[in-house]
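Colleague: Residue numbers (our numbering), protein chains in the order written: chain A, 1 to 637; chain B, 638 to 920. Where is the CB? At the ideal position from N, CA and C, for every residue including glycine. As the structure is a prediction and not an experimental result, all values here were calculated from the model. Starting off with a structure, shown below.
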Amino acid sequence: MLDTLVFMVVVVPFLVAGLLYVVRPDGVRKLIVSAMALVLIGSALALLAQGPFLMAVPAAVNELVVLLDFLLLFLILVYSYKWKSRLAVWLTLFQIAALAWLDFGLADHGKAGPAIMADHLSLIMLLVINIVGSFIAIYALGYMKVHEEELALAKSRQPRFFFFFILFFGAMNGLVLSNNLDWMYFFWEITTFCCVMLIAHDHTEIALKNATRALWMNVLGGATFVSGLILIQKVAGTMFLTDLFAMGPMGAGGGALLIPLFLLVFTGFTKSAQPPFESWLCGAMVAPTPVSALLHSSTMVKAGVYMVLRLAPLYAGTFLSSFIAVFGAFCFVATAALAVGQSNGKKVLAYSTISNLALIICCAGLNTPASITAAILLIIFHAVSKGLLFMCVGTIEQKIHSRDIEDMRGLYGVMPKTAVIAIIGVVTMMLPPFGMLLAKWMAVESAMGQFLVIALMAAGSALTVLFWARWAGALLSAPFDAERPEKLPFSVRMPHVVLASLAVLLSVGAPFVYYGLAEPVVAMYYHAQAFTMQYGSFVSSTGMFVVYPLFILLGLGLIFALRAAGRVTPSEIAAPYMCGAQTTVDGKAAFTGPMRTPVVSVSGNYYLDALFGEKKLSHLANSVAIVLLIIMLGGVL
Amino acid sequence: MIGKLVFALVATALAPVLGGLISGVDRRITAWLQSRYGPPVLQPFYDVLKLLGKRPMATNIWQVLCAYVYLSAAAVSVFLFFLQTDLLLIFFTLTVGAVFLVMGALASPSPYSQIGGQRELLQMLAYEPLLILVFVAIAMTTGSFKISAVFAMDKPLLYSLPLIFVVLGYALTIKLRKSPFDISTCHHAHQELVRGVLTEYSGPYLAALEIAHWFEVVLMLSICALFWATSVWGMLILVALTYFVEILVDNVMARMTWKWMLRSVLGVGLVLSVLNMLWLYAN
Chain A
1 MLDTLVFMVV VVPFLVAGLL YVVRPDGVRK LIVSAMALVL IGSALALLAQ GPFLMAVPAA
61 VNELVVLLDF LLLFLILVYS YKWKSRLAVW LTLFQIAALA WLDFGLADHG KAGPAIMADH
121 LSLIMLLVIN IVGSFIAIYA LGYMKVHEEE LALAKSRQPR FFFFFILFFG AMNGLVLSNN
181 LDWMYFFWEI TTFCCVMLIA HDHTEIALKN ATRALWMNVL GGATFVSGLI LIQKVAGTMF
241 LTDLFAMGPM GAGGGALLIP LFLLVFTGFT KSAQPPFESW LCGAMVAPTP VSALLHSSTM
301 VKAGVYMVLR LAPLYAGTFL SSFIAVFGAF CFVATAALAV GQSNGKKVLA YSTISNLALI
361 ICCAGLNTPA SITAAILLII FHAVSKGLLF MCVGTIEQKI HSRDIEDMRG LYGVMPKTAV
421 IAIIGVVTMM LPPFGMLLAK WMAVESAMGQ FLVIALMAAG SALTVLFWAR WAGALLSAPF
481 DAERPEKLPF SVRMPHVVLA SLAVLLSVGA PFVYYGLAEP VVAMYYHAQA FTMQYGSFVS
541 STGMFVVYPL FILLGLGLIF ALRAAGRVTP SEIAAPYMCG AQTTVDGKAA FTGPMRTPVV
601 SVSGNYYLDA LFGEKKLSHL ANSVAIVLLI IMLGGVL
Chain B
638 MIGKLVFALV ATALAPVLGG LISGVDRRIT AWLQSRYGPP VLQPFYDVLK LLGKRPMATN
698 IWQVLCAYVY LSAAAVSVFL FFLQTDLLLI FFTLTVGAVF LVMGALASPS PYSQIGGQRE
758 LLQMLAYEPL LILVFVAIAM TTGSFKISAV FAMDKPLLYS LPLIFVVLGY ALTIKLRKSP
818 FDISTCHHAH QELVRGVLTE YSGPYLAALE IAHWFEVVLM LSICALFWAT SVWGMLILVA
878 LTYFVEILVD NVMARMTWKW MLRSVLGVGL VLSVLNMLWL YAN
């Protein structure tokens, strides 16, 4: 049973991807993707019910993985050469040489162990990848149809698109289930490759340029990954995570293990697009929107924070850990500030993703039971809300042909349902009583005593509120055109509704999410409980978060407000104040200007380019991040 | 538990009454400082009652929704305060109200309310980090974010956190919408702004926002009172003195720009917090 389920989540996506590459009819593709979504969701849930496990595989499979790993590296080498990235070529050559040394020179092949391991952290990741990811895959079916109609392609490129898209699922599932770090590296490189191929999908000049950048940054991560593995093998004499955890904090090698741990955490930073590597994720938005939704919510960047969080018990209590916290807190503020300067909706989402990932990294660095709980909840809630918001922006863009927040003014008039769903997405990202805020509350409280970290967190959350509130306001903003019914295909509407409901329901069920998913991880690695539940509230020695009372009270407030808003009759709607010179032009608010000509009033948000402009700020953020990384490296050496 | 709940409910019900009275006294003292006679102390209640009786008008329904969510969130945060829950949680609940106030302002196409909304966001950017720092400093002194821990102290917080109290004063000035920080809206209209975020609200909706503001005033002053939680008279005197200083500042300062606000508030606030924390650790 167990091996069937693991086969379902890891190997089946590879087979389905291959199938989708050869099948051309739209209907068949829809059927295959929907069936696969059901299988993945079912298997992930079944694995959760099964609980943690270890699994050994035949030696032949291990050899196959090694073989495929080299093939993959050569493939990456070919693309690096083709796209003329000298840096990527050298880094890939380095990886091939290093991997050869590791596999044929260093590794102790006599020492067998379970290659596959799932603890509650892996199971949480499986749920996030397969549930959120599957709905995005279904959304991609409807989105790509319209996307290709707009491009007016002679021959559909959807088979290629879905090949890499579905491959992602297998690679991510494999990554989080790997106990053998060699395997994890293999799956890690597959996600890099798929991601780069998807960014390049539209084959425009900018797509290729951004794909090349994503390639070299992620290949750099691959190079530090394999270097870290070599050092781990040398210091600890094992490639298995379970062995490393059995050695306890710091491992058998004492301080010597810190260097490989730093290299692996650094690898996580590159994948999670932390400064100075944030540009690859911002560049990734040239890909069709479902790709962004998938990369930002459940896959790719989450692999980076998974790595940092996975290794957290190993570096607990060290200099490295506190520095990871400071680095994360800094990146949290820096990228939130970058988001403030953007009016491009997708870019705001991208920077907000990086910012939230930085917060997760910061929590991993704080390394207390409460902060690890916060990190896990952030991963779960962020995946749902961010996947939802990206889908919304994609749907909006296909209708209004712009992704600029200023063009979304009055969206409620054009797309009432999507606008409301987008607002739900925004509200679940930034306000209590929803899960993101619960996690943020845990994060801030667990940082108590570390004034620098907490000051950075305070600034970051204020900036976060600023850019979200502005966007939600623009969505509600008048002028509205006459309300029209909004029609969308089922494959587009359904994932919106499901993820929006999930975002709200998971927050309502936060205590269950905590007890069922987060608490077991903390109990396993930290032998302590971060919170207890009393009267539907999270209680710790340092504070309490009243989940249910807050839901009930604010829920009543919302119902009261909705009723009041529902009672407003059309006769009570007035024109806005224009100093007594108001008039209308095509139903839009205007004022009588010079020469008695009516002027339509136009408003825009403050983007404060002088303070938060990307050009100036990203240089500063990257420089500080590089300095922090150098200090971190200096510390571990 | 039941006793605590009843106390919190009663306190929440009385909060707008107290807020209105404070606002009335504020107007009298301000008038006295400006050598005017001023309105009766109950004038704010007459104003709100009159607004409640007016015919409702709005530029769109979202404004109405946002006004009432703001009111609910403000009331809930006061309730959570008197239930002696978590300071950080109360802060986050307060944010709900602030965000919906901005969303309501942005929902209208009026240029005045749009500018007000943007400026309100910048005000939030200025006071939110300060409030978090204040709460963290309190928690680092008492060992917990719970308000009950403050009341368990045997020495007033002001002794150990004097500079933090000044930081709270900055946040208070912004929240009370007093000069030099009355840049998003104010008790009276301004030339370039009219009434900013409140411009497009009238009748019962404006009354709802006014009551929500009273809730927030009570909450902010209660947070000030925490700094002398050891005696009731201490709390009263501290709050009265603080409020009088706020009125003085309001009357002697000019309105400033948002750039000046961000620079000075965040700069001074951060430096004072760090100094206070260093001093605390040194002891």
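1. One question on the structure: do A:G200 and A:A211 come within less than 8 Å of each other, judged by their Cβ atoms?
2. Got a sec? Which residues, its chain only, sit under 6 Å from A:G142 by beta carbon, not counting five neighbours each side?
3. Enumerate in chain order the residues of its own chain whose CB-to-CB distance from B:A650 is below 7 Å, with the five nearest sequence positions on each side excluded.
4. The beta strand (DSSP E) spanning A:A590 covers which residue range?
5. Excluding five sequence neighbours on each side, which residues of the same chain lie with their C-beta closer than 8 Å to the C-beta of A:G251?
6. On the CB-based measure, 16 or more other CB atoms within 10 Å of its CB, does A:M1 come out buried or exposed?
7. Between the Cα of A:L367 and those of A:G51, A:Y81, A:V444 and A:K209, spot the shortest distance and give me the residue it belongs to.
8. Out of A:L359, A:T289, A:S385 and A:I230, which one is the CA nearest neighbour of A:V427?
9. Does any C-beta atom of chain B lie closer than 8 Å to the C-beta of A:R470?
10. Going by DSSP in three states, A:H643 sits in which element: helix, strand or coil?
11. Between which two residues does the beta strand (DSSP E) carrying A:Q649 extend?
12. Just the C-alpha distance for A:L620 and A:E572, rounded to the nearest angstrom, thanks.
13. Give the straight-line distance between the Cα atoms of A:L64 and A:L77, rounded to the nearest whole angstrom.
14. I'd like the list of long-range same chain contacts for B:V882, defined as Cβ closer than 8 Å, with 5 residues on each side in sequence excluded.
15. Are the CB atoms of A:V132 and A:S402 within a distance shorter than 8 Å?
16. According to a CB-to-CB cut-off of less than 9 Å, which residues of the segment 546–562 of chain A neighbour chain B?
17. Who are the Cβ neighbours of A:C579 in its own chain at under 8 Å, not counting the five residues just before and after it?
18. Counting contacts by CB-CB distance shorter than 8 Å, is B:S747 in contact with chain A?
19. Output the distance between the C-alpha atoms of A:L294 and A:I136, rounded to the nearest integer angstrom.
20. Could you work out which residues of chain B lie near A:I573, taking near to mean beta carbons separated by less than 9 Å?
21. Where does B:S839 fall in DSSP's three states?
22. Consult DSSP for A:K487 and reduce its assignment to one of helix, strand or coil.
23. When Cβ atoms are compared, which residues of the segment 725–740 of chain B fall closer than 7 Å to chain A?
24. Could you tell me how far apart the beta carbons of A:L456 and A:F332 are, in whole angstroms, since I believe they sit closer than 8 Å?
25. Going by alpha carbons, who is nearest to A:G365 out of A:R409, A:Y535 and A:V265?
26. With 8 Å set as the bound, which would you pick, yes or no: does the beta-carbon of A:N344 sit closer than that to a beta-carbon of chain C?
27. Whole-angstrom Cβ separation of A:P511 and A:G536, contact assumed at under 8 Å?
28. Kindly indicate which residue of A:T584, A:T335, A:L181 and A:A625 has the alpha-carbon position closest to the one of A:S352.
29. Between which residues of its own chain and B:W699 is the CB-CB distance below 6 Å, once the five residues before and five after are set aside?
30. What do you get for A:F269, buried or exposed, if any count of 16 or more other CB atoms within 10 angstroms of its CB means buried?
31. Whose CA, out of B:S672, B:I811, B:S750 and B:V773, lies closest to the CA of B:L794?
32. So what does DSSP say about A:I630, is it helix, strand or coil?
33. State buried or exposed for B:W870, treating a residue as buried only when at least 16 other CB atoms are found within 10 Å of its CB.
34. Please tell me whether A:A252 has its Cβ less than 8 Å away from any Cβ of chain B.
35. Which term fits B:L664, buried or exposed, when burial requires 16 or more other beta carbons within 10 angstroms of its beta carbon?
36. Note down, in chain order, each residue of its chain lying with its Cβ closer than 6 Å to the Cβ of A:I405, except the 5 sequence neighbours on either side.
Modeller: This is what the structure holds:
1. It is Ala, not Gly, that sits at residue 200 of chain A in the sequence shown. In this structure, A:A200 places its C-beta atom within 8 Å of the C-beta atom of A:A211.
2. Answer for A:G142: P489, S491 and V492, listed in chain order.
3. If we look at B:A650 and ignore the five residues flanking it on each side, it has no Cβ neighbours.
4. That run of the beta strand (DSSP E) goes K588 to T592.
5. Confidence is the limiting factor: at A:G251 the pLDDT is only 48, short of 50, which leaves the residue's position unreliable, though a coordinate-based value still follows. The residues are V235, A236, L244, L257 and L314.
6. Around the beta carbon of A:M1, fewer than 16 other beta carbons sit within 10 angstroms, so the residue counts as exposed.
7. Note on identity: in this sequence residue 367 of chain A is Asn, with Leu being the wrong assignment. When only C-alpha atoms are compared, the closest one is A:V444.
8. A:S385
9. yes
10. Only positions 1 to 637 of chain A appear in this structure, which leaves residue 643 of chain A out of reach.
11. An answer regarding residue 649 of chain A cannot be provided, because it is not within the stretch 1 to 637 covered by chain A.
12. 51 Å
13. 20 Å
14. G806
15. no
16. Of all residues in the segment 546–562 of chain A, V546, P549, L550, L553, L554, L556, G557, L558, F560, A561 and L562 have a Cβ within less than 9 Å of some Cβ in chain B.
17. F591
18. Contacts with chain A at 8 Å (Cβ-Cβ) include B:S747.
19. Each residue's Cα considered, the two are about 7 Å apart.
20. Here the neighbours are M694, A695, T696, N697 and I698.
21. coil
22. coil
23. L725, L726, F729, T730, T732, V733, V736, V739 and M740
24. 7 Å
25. Out of A:R409, A:Y535 and A:V265, A:V265 has the C-alpha closest to the C-alpha of A:G365.
26. Looking for chain C here will not work: the only protein chains present are A and B.
27. 7 Å
28. A:T335
29. A744
30. A residue is called buried when at least 16 other Cβ atoms come within 10 angstroms of its Cβ; A:F269 meets this threshold and is buried.
31. B:V773
32. helix
33. exposed
34. Note on A:A252: pLDDT 45, under 50, position unreliable in the model; the coordinate value appears next. Under the Cβ distance rule, A:A252 does not count among the residues neighbouring chain B, no pair being separated by less than 8 Å.
35. The displayed chain sequence assigns Arg, not Leu, to residue 664 of chain B. Result: buried.
36. S343, G345, W471 and A474
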